[in-house]
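To start, the structure under review is shown below, and the notes come after it.
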Amino acid sequence: MAKVIKVKEEEKVIYLLTSNEGIPFLYVNKYLKFLDTINKSPNTIKSYAYRLKLYWDFIELNQLEFENISMDVLVKYIGWLHGGSSVGSKKRESNTINYNVMAVFGFYNYLARFHSEILDTKLDFYSDSNKKNHSYKPFLEHTKSNVKYRLNALKLRETKKPHSKLSEEQLKKIFQTKLNIRNKLLVSILYETGVRISEALNIKLEDIDLSDKKILITKSKTPSGKNRLVYISAETTNLLQDYIYEVHEKNNFDSDYIFLKLTGSSRGDVCDGVTISAFFRELSAKLGFNITPHMFRHTLATERSSAMGVIFPY
Numbered sequence: 001m002a003k004v005i006k007v008k009e010e011e012k013v014i015y016l017l018t019s020n021e022g023i024p025f026l027y028v029n030k031y032l033k034f035l036d037t038i039n040k041s042p043n044t045i046k047s048y049a050y051r052l053k054l055y056w057d058f059i060e061l062n063q064l065e066f067e068n069i070s071m072d073v074l075v076k077y078i079g080w081l082h083g084g085s086s087v088g089s090k091k092r093e094s095n096t097i098n099y100n101v102m103a104v105f106g107f108y109n110y111l112a113r114f115h116s117e118i119l120d121t122k123l124d125f126y127s128d129s130n131k132k133n134h135s136y137k138p139f140l141e142h143t144k145s146n147v148k149y150r151l152n153a154l155k156l157r158e159t160k161k162p163h164s165k166l167s168e169e170q171l172k173k174i175f176q177t178k179l180n181i182r183n184k185l186l187v188s189i190l191y192e193t194g195v196r197i198s199e200a201l202n203i204k205l206e207d208i209d210l211s212d213k214k215i216l217i218t219k220s221k222t223p224s225g226k227n228r229l230v231y232i233s234a235e236t237t238n239l240l241q242d243y244i245y246e247v248h249e250k251n252n253f254d255s256d257y258i259f260l261k262l263t264g265s266s267r268g269d270v271c272d273g274v275t276i277s278a279f280f281r282e283l284s285a286k287l288g289f290n291i292t293p294h295m296f297r298h299t300l301a302t303e304r305s306s307a308m309g310v311i312f313p314y
């Protein structure tokens with residue numbers, strides 16, 4: 001069986017695929033290195049390494065040659081993934097299988113572009129029409145056409161899971177729970193505005209207009225989410241004013257960010273994901289049901305959709 005190993009190289013971590021005896025798989029590792037060259041994130045490279053590990057397990061179990069690939073093999077691979085791929089393992093969801101197959105297509109796409117001499121296949125992962133003057137940056141852009149078409153032929157139908165949202169009773173319990181002023185303000189803003197937690201943690205004092213009860217969201221995961229205005233209630237505006245006085249002014253914290261750590265050696269520093277995750281874990285345990293920051297967003301989206309027939313466009 002194959003295994004993924006993590007290696008520290010200078011100031012970064014790289015992922016390699018080897019046999020169980022530690023023998024590197026040359027072309028997979030060339031591909032992983034290529035993904036790093038074109039600035040794919042470490043998490044993306046890591047996920048591709050583990051997805052290709054699964055593929056290599058399949059190749060070895062079926063005594064196949066990876067250079068000699070056919071559509072029948074890919075179909076068999078999907079069935080192998082869908083069946084659990086090992087005794088007692090949980091069946092994979094369709095979207096997980098699709099991501100695994102996409103990683104395999106990406107690998108063969110790379111081989112077809114840069115190492116076509118080793119391939120013995122009738123599948124054209126990279127057609128001649130797409131070989132003209134491509135730099136590293138547009139790698140995989142051609143999946144919008146011929147390769148993506150073949151991938152779609154193998155793609156399983158994905159079942160969309162309903163987003164988790166908070167019930168009216170759960171919301172009531174949350175807002176009736178005794179919270180410190182920072183956490184009470186955070187929960188209020190998440191619920192009233194539907195902002196993502198990353199957006200909330202990036203709110204600065206200069207982004208707030210207390211007179212008009214609005215906040216400018218300057219950082220977002222999506223282009224349409226940047227530099228948009230969200231509005232808060234009069235009650236939350238008053239709470240925000242109290243918070244700025246009690247936390248920022250009384251403690252003379254030198255930070256432009258609203259949400260700060262209130263205890264420990266890092267008191268006064270900007271809140272991070274670890275701090276927020278700990279708060280929501282404690283709150284969930286205290287109230288007896290799961291609560292995450294994103295549930296407030298889905299709850300508000302559902303309420304707006306029911307009231308006006310719209311959902312968040314960003």
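Per full-length UniProt numbering, residue 1 is the first one in the sequence shown, and the count goes up by one each step. From the three backbone atoms N, C-alpha and C, an ideal C-beta is built for every residue, glycine too. Remember, predicted model here, so these are calculated numbers, not experimental data.
Notebook entry, point to check: So, are the CB atoms of residue 262 and residue 253 less than 7 Å apart?
Noted result: In the sequence shown, residue 262 corresponds to position 262, counting from 1. In the sequence shown, residue 253 corresponds to position 253, counting from 1. No. Outside cutoff.
Next item on the list: Please name the residue, chosen from 11, 28, 275, 115, that lies closest to residue 183 on a Cα-to-Cα basis.
Entry: As a first step, residue 183 is located in the sequence shown; it is residue number 183 there, counting from the start. Selected option, being the one with the closest Cα: 275.
Note to self: Distance check for residue 63 and residue 48, CA to CA, integer angstroms please.
What the structure shows: As a working mapping, residue 48 is identified with position 48 in the sequence shown. As a working mapping, residue 63 is identified with position 63 in the sequence shown. Straight-line Cα distance between these residues: approximately 22 Å.
Note to self: For residue 192, report the span of its alpha helix (DSSP H) as first-last.
What the structure shows: As a working note, residue 192 is residue 192 in the sequence shown. Here the alpha helix (DSSP H) through residue 192 covers 181-193.
Check: Could you give the distance in angstroms between the alpha-carbon of residue 287 and the alpha-carbon of residue 197?
Finding: Position 287 of the sequence shown, counted from the start, is the residue given in the question as residue 287. Position 197 of the sequence shown, counted from the start, is the residue given in the question as residue 197. Approximately 20 Å between the Cα atoms of the pair.
Notebook entry, point to check: When DSSP labels each residue in this structure, what does residue 18 get in the three-state scheme?
Noted result: To locate residue 18, count along the sequence shown from 1; it is residue 18. Here residue 18 sits in strand by DSSP.
Notebook entry, point to check: Within the chosen definition, does the stretch 172-190 reach the stretch 218-225 through at least 3 CB pairs nearer than 8 Å?
Noted result: no
Margin query: Within the continuous beta strand (DSSP E) that includes residue 231, where are the two ends?
Written below: Along the sequence shown, one-based indexing puts residue 231 at 231. Looking at the DSSP string, the run of the beta strand (DSSP E) that includes residue 231 is 228-231.
Margin query: With a threshold of 7 Å on Cβ separation, who are the neighbours of residue 5 within its own chain once the five nearest residues in sequence on each side are excluded?
Written below: The residue given as residue 5 occupies position 5 in the sequence shown. Same-chain partners within the cutoff: 16, 18.
Checklist line | N-terminal and C-terminal residue of the beta strand (DSSP E) that residue 216 is part of | finding: Translated into the one-based positions of the sequence shown, residue 216 becomes position 216. Start and end: 214-217.
Notebook entry, point to check: Would the stretch 63-72 and the stretch 33-53 be scored as touching if the rule is three or more Cβ pairs under 8 Å?
Noted result: no
Next item on the list: Assuming residue 1 and residue 36 form a contact by the criterion Cβ under 8 Å, report the distance between their Cβ atoms to the nearest whole angstrom.
Entry: The residue you call residue 1 lines up with position 1 of the sequence shown. The residue you call residue 36 lines up with position 36 of the sequence shown. About 24 Å separates the two Cβ atoms, so there is no contact after all.
Note to self: Helix, strand or coil, according to DSSP, for residue 283 in the structure here?
What the structure shows: Residue 283 sits at position 283 when you count from the first residue of the sequence shown. If DSSP states are grouped into helix, strand and coil, residue 283 belongs with the helices.
Notebook entry, point to check: Nearest-angstrom Cα distance between residue 265 and residue 177?
Noted result: By 1-based counting over the sequence shown, the position of residue 265 is 265. By 1-based counting over the sequence shown, the position of residue 177 is 177. Distance between the alpha carbons of residue 265 and residue 177: 27 Å.
Notebook entry, point to check: In terms of alpha-carbon separation, which member of 108, 107, 83, 23 lies closest to residue 97?
Noted result: Here residue 97 refers to the residue found at position 97 when the sequence shown is read from its first residue. Residue 97 has its Cα closest to that of 83, out of 108, 107, 83, 23.
Notebook entry, point to check: Under 7 Å, do residue 213 and residue 232 count as touching if we go by C-beta distance?
Noted result: Here residue 213 refers to the residue found at position 213 of the sequence shown. Here residue 232 refers to the residue found at position 232 of the sequence shown. Yes. Within cutoff.
Checklist line | Uninterrupted beta strand (DSSP E) stretches inside the stretch 2-57 (no shorter than 3 residues) | finding: 3-9, 12-18
Check: DSSP beta-bridge partners for residue 208?
Finding: The residue you call residue 208 lines up with position 208 of the sequence shown. In the DSSP output, where bridge partners are listed per residue, residue 208 has 215.
Next item on the list: Take residue 227 and list the residues in its own chain whose beta-carbon comes closer than 8 Å to its own, dropping the five residues that flank it on each side.
Entry: Within the sequence shown, the letter at position 227 stands for residue 227. Correct list, in chain order: 216, 217, 218.
Next item on the list: Work out the CA separation of residue 72 and residue 145 for me, nearest whole Å.
Entry: As a working mapping, residue 145 is identified with position 145 in the sequence shown. As a working mapping, residue 72 is identified with position 72 in the sequence shown. Unreliable positioning characterises residue 145 in this predicted model, as indicated by a pLDDT of 43, which lies under 50. A coordinate reading is not provided.
Notebook entry, point to check: For residue 260, which three-state DSSP category applies?
Noted result: Here residue 260 corresponds to residue number 260 of the sequence shown, with the count starting at 1. In this structure, residue 260 counts as strand in the three-state DSSP scheme.
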